[in-house]
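Novice: Here's a structure for you.
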Amino acid sequence: LQANFDGSALGVMTDRQGQLTNDFFVNLLDMGTAWKAISPDREVFEGSDRKSGVKKWEAGRADLIFGSNAELRAVAEIYGSADAKDKFVQDFVKAWTKVMELDRFDLHR
Numbered sequence: 019l020q021a022n023f024d025g026s027a028l029g030v031m032t033d034r035q036g037q038l039t040n041d042f043f044v045n046l047l048d049m050g051t052a053w054k055a056i057s058p059d060r061e062v063f064e065g066s067d068r069k070s071g072v073k074k075w076e077a078g079r080a081d082l083i084f085g086s087n088a089e090l091r092a093v094a095e096i097y098g099s100a101d102a103k104d105k106f107v108q109d110f111v112k113a114w115t116k117v118m119e120l121d122r123f124d125l126h127r
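Take any residue in the sequence shown, count from 1 to its spot, add 18: that is its number in the numbering used here.
The following block contains the structure:
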């Protein structure tokens, strides 16, 4: 959604920027991508195509936690599945609305 700090491309794992999609999860879980640290502090990683070696994505450690932590990976697999496009959008909108209305006591009288 182009909402990264300072316009950074870090963690933007989609070719459809500005659209609400499940591409982040689909591409994060793609077994055709090999990840390696590219910063001395091991906070920035490059994802390359396993066969060709061509760079596909850059991600931070916080992005990749969704693939390495068992509980977060389970969530990522739900949203990254082929039939989860609508579910992701619906769940995102529901969560966004809930957060935006938390201090709106006038709405819930």
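For each residue, glycine too, the CB sits at the ideal point set by N, CA and C.
Note that the structure is a prediction, hence the values are computed from the model and not measured.
Could you work out which residue in Lys54, Gly98, Leu82 is closest to Asp41 when comparing CA atoms only?
Specialist: Translated into positions along the sequence shown, residue 41 becomes position 23. When Lys54, Gly98, Leu82 are compared, the shortest CA-CA separation from Asp41 is found for Gly98.
Novice: Evaluate Trp75 with the Cβ neighbour count: other Cβ atoms within 10 Å of its Cβ, from every protein chain shown; 16 or more gives buried, anything less gives exposed.
Specialist: Position 57 of the sequence shown holds residue 75. The residue is buried, with at least 16 neighbouring Cβ atoms inside 10 Å.
Novice: Just list the alpha helix (DSSP H) runs in the segment 88 to 112, keeping only unbroken ones of 4 residues or longer that don't cross its boundaries, in chain order.
Specialist: 88 to 98
Novice: So Lys54 and Glu64 are in contact, right, with Cβ under 8 Å, and what is the actual spacing, rounded?
Specialist: Taking the first residue of the sequence shown as 1, we reach residue 54 at position 36. Taking the first residue of the sequence shown as 1, we reach residue 64 at position 46. Yes, they are in contact, since the Cβ atoms of Lys54 and Glu64 sit about 6 Å apart, within 8 Å.
Novice: Using the C-alpha atoms, what's the distance from Ala52 back to Gly71?
Specialist: As a first step, residue 71 is located in the sequence shown; it is residue number 53 there, counting from the start. As a first step, residue 52 is located in the sequence shown; it is residue number 34 there, counting from the start. If I take the Cα positions, the gap works out to 9 Å.
Novice: Tell whether a beta-carbon distance below 8 Å holds between Leu47 and Met31.
Specialist: As a working note, residue 47 is residue 29 in the sequence shown. As a working note, residue 31 is residue 13 in the sequence shown. The criterion of a C-beta distance shorter than 8 Å is not satisfied by Leu47 and Met31.
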